[in-house]
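The block underneath contains the structure these notes are about, expressed in structure tokens.
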């Protein structure tokens with residue numbers, strides 16, 4: 001966009017004192033448009049990020065932000081540097097990074113910034129590698145992450161309203177942001193850190209239209225110590241609903257969208273100011289039970305070229321998706337079909353780098369475009385590749401019953417949600433004892449999200465929320481015990497159901513329209529597998545843990561081939577790899593090199609269903625259900 005004559009720089013930060021926490025390298029100065037000067041050990045606190053008309057400036061020089069999105073919890077910490085260096089190999093100068101509230105505050109007031117959640121170390125490493133940072137603190141993130149990063153415990157009281165001025169919600173989000181500020185607010189660029197801008201909320205225009213709420217979140221972020229540049233992010237078609245015009249405003253688009261059309265929409269909202277595509281989607285995510293998403297490269301390349309021609313800033317979403325380990329994958333809810341759509345554990349995203357961090361043909365295509373616009377010295381060499389391991393098939397010969405891990409029973413007249421019982425994920429076993437014989441249709445208001453129904457330990461059937469299954473035929477005698485084991489999937493992370501996706505049995509249970517009163521609840525978060533008693537043998541029916549070992553003679557990563565298994569979770573050397581499910585499209589689970597060791601490695605698989613062949617193998621790449629394939 002043309003720069004207005006005589007426009008003066010707008011200073012976006014007002015504090016220069018650095019808060020010493022670690023030794024950081026100084027922010028890059030002397031940048032030309034699209035260029036990134038090497039980071040050098042200079043005096044901290046001397047860089048200034050500003051705007052002038054339609055340009056970003058760093059120390060008075062034009063700065064074209066060329067970013068790639070990476071998510072620290074989706075990448076094993078040992079691989080952080082490798083992935084960051086691969087941004088540099090594309091000629092990029094900036095890391096775009098969400099912060100995930102529910103990863104750091106799993107329980108009220110209990111914070112974790114260690115290991116794979118060491119956010120300040122993640123940002124420091126980016127700076128060491130010569131990258132600026134766009135920090136997306138939310139507190140809502142979306143990102144196909146469980147609950148959009150809003151903790152499930154916030155909504156134990158179902159009256160709390162997400163992403164609103166609800167006093168409880170705002171009090172908790174403000175407390176969290178203040179704690180986050182203690183960790184990373186000192187890493188803004190004018191304080192010697194790498195953070196150019198901090199994002200306020202995320203795509204709020206796709207959720208609501210409440211300027212007062214957005215201003216309140218902005219004020220919470222300011223109060224947490226983020227004094228520098230702030231920005232908002234929205235789709236161009238809804239930007240007027242979510243953006244704060246006084247801040248920098250980015251737009252998200254991609255796949256089949258055209259950059260020219262999106263920025264025309266943006267210009268109708270804001271005719272002047274620096275332009276940035278804060279998420280250029282080059283791929284997409286996957287739901288269980290669907291085929292793998294594979295997006296063509298030409299639309300991505302066309303939009304990229306259009307923006308580079310005009311020196312518009314851009315961020316690739318995702319540069320590398322990684323893996324939603326454990327319980328971190330989220331879910332969508334289709335309003336038109338009233339269908340729940342849980343996300344798979346792989347966040348491959350058909351991105352520039354695959355789930356294992358390997359360059360894809362899309363990476364090569366983007367690199368070819370970037371080389372036409374940037375000098376050769378901008379492109380760092382690719383790091384040496386890690387080794388992909390093939391592990392011969394091995395058997396899991398030991399089994400353990402799930403029963404010893406269940407928590408202390410809690411009695412209630414009607415089924416309660418997991419959140420109301422202090423649990424955010426995993427399993428919940430609901431039990432009811434019949435006082436008299438009955439026969440008919442068992443109906444549940446809603447199952448969230450998958451239930452195995454048994455009577456006296458004998459399996460009757462399963463209920464799948466994706467298929468809107470809520471009833472099953474049942475015949476019982478006096479004294480019979482009904483057991484409904486619920487397995488939870490991701491909390492909805494997008495749309496009006498954010499914060500309204502409490503897990504368990506919802507809306508009561510009836511048998512032939514007679515309400516069943518009197519329930520016990522036994523929770524199993526699956527966070528700690530200690531106490532399991534494994535033995536050699538098989539379990540004929542019902543949920544069970546299966547354990548086995550394999551031996552490695554060298555380092556590398558692998559993908560566990562889960563074909564032949566039913567539905568559940570898998571651990572390698574204590575690391576929860578995520579969910580497996582025979583409905584596809586993901587057939588393997590990624591195991592980073594750092595999760596493995598030379599020598600004997602232990603695998604534990606939990607499965608809700610009987611398994612005929614309790615064996616596994618390691619393969620060198622992900623196995624997908626693709627369009628045109630017939631599922632097993």
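Residue numbers (full-length UniProt numbering): 1 to 632. Think of the CB as a built atom: it goes at the ideal place given N, C-alpha and C, for glycine as much as any other residue.
The Cβ neighbour count for residue 346, taken over all protein chains shown within 10 Å, is at least 16; the residue is labelled buried. DSSP places residue 269 inside the alpha helix (DSSP H), whose first and last residues are 259-269. Within its own chain, the residues whose Cβ lies closer than 6 Å to the Cβ of residue 564, once the five positions on either side in sequence are excluded, are 613, listed in chain order. In the structure shown, residue 562 falls within a coil segment according to DSSP collapsed to helix, strand and coil. In the DSSP annotation of this structure, the continuous segment of the alpha helix (DSSP H) that includes residue 303 starts and ends at 298-309. The C-alpha of residue 427 lies about 5 Å from the C-alpha of residue 487.
Inclusion of residue 280 and residue 308 in the CB contact set at 9 Å is not warranted, their separation being larger than that value. Sequence-distant partners of residue 570 (beyond 5 residues in either direction) whose C-beta falls short of 8 Å from its own C-beta, in its chain, are 560, 562, 576, 577, 578, 580, 589, 603, 604, 605 and 606.
Here the alpha carbons of residue 476 and residue 386 stand approximately 57 Å from one another. Proximity of the stretch 357-365 to the stretch 522-534 falls short of the contact definition, fewer than three beta-carbon pairs being nearer than 8 Å.
In this structure residue 315 is buried. Its beta-carbon is surrounded by 16 or more other beta-carbon atoms within 10 angstroms. For residue 62, the enclosing beta strand (DSSP E) begins and ends at 61-63. Apart from sequence neighbours up to five positions away, the residues of its chain that approach residue 96 with a beta-carbon distance below 6 Å are 67, 69, 134 and 315, ordered along the chain. Inter-residue distance for residue 220 and residue 306 is about 36 Å (C-alpha atoms, whole angstroms). In the DSSP annotation of this structure, residue 364 is not part of any beta strand (DSSP E); the continuous alpha helix (DSSP H) holding it starts and ends at 361-371.
From the listed residues 227, 266 and 585, the smallest Cα separation to residue 236 is found for 266. In this structure, the beta-carbon distance from residue 399 to residue 550 does not fall below 9 Å.
Its Cα nearest to that of residue 51, the residue 248 stands out among 182, 248 and 153.
DSSP places residue 124 inside the alpha helix (DSSP H), whose first and last residues are 119-128. Residues of the same chain with a CB within less than 8 Å of the CB of residue 84, apart from the 5 flanking positions on each side, are 70, 95, 125, 126, 129 and 131 in chain order.
Here the alpha carbon of residue 517 sits roughly 11 Å from the alpha carbon of residue 431.
Minimum Cα-Cα distance from residue 100 among the listed residues 168, 61 and 328 corresponds to 328. In this structure, residue 455 and residue 482 form a Cβ contact; the two beta carbons are roughly 6 Å apart against a cut-off of 8 Å. Residue 214 sits in a helix when the DSSP states are folded into three classes. The C-beta distance from residue 584 to residue 541 rounds to 24 Å, too long to meet the 8 Å contact threshold. When C-beta atoms of the stretch 236-246 are compared with those of the stretch 203-223, three or more pairs fall below 8 Å, so the two segments count as touching. DSSP, read as helix, strand or coil, puts residue 425 in coil.
Less than 9 Å separates the beta-carbon of residue 492 from that of residue 330. Ranked by Cα distance from residue 435, the options 593, 407 and 480 are led by 480. Listed as beta-bridge partners of residue 491 by DSSP are no residues whatsoever. Secondary structure at residue 567: strand, using DSSP grouped into helix, strand and coil. The beta-bridge partner set that DSSP reports for residue 250 consists of 233.
Per the Cβ contact rule, the stretch 109-117 is not in contact with the stretch 334-341 (fewer than 3 Cβ pairs under 8 Å). The shortest C-alpha to C-alpha distance from residue 467 to any of 192, 447 and 484 is the one to 447. Taking C-alpha positions only, residue 103 is separated from residue 152 by approximately 11 Å. Counting only runs of at least 3 residues, the stretch 445-518 fully encloses the following beta strand (DSSP E) elements, listed from N- to C-terminal order: 450-455, 458-464, 471-476, 481-487 and 504-511.
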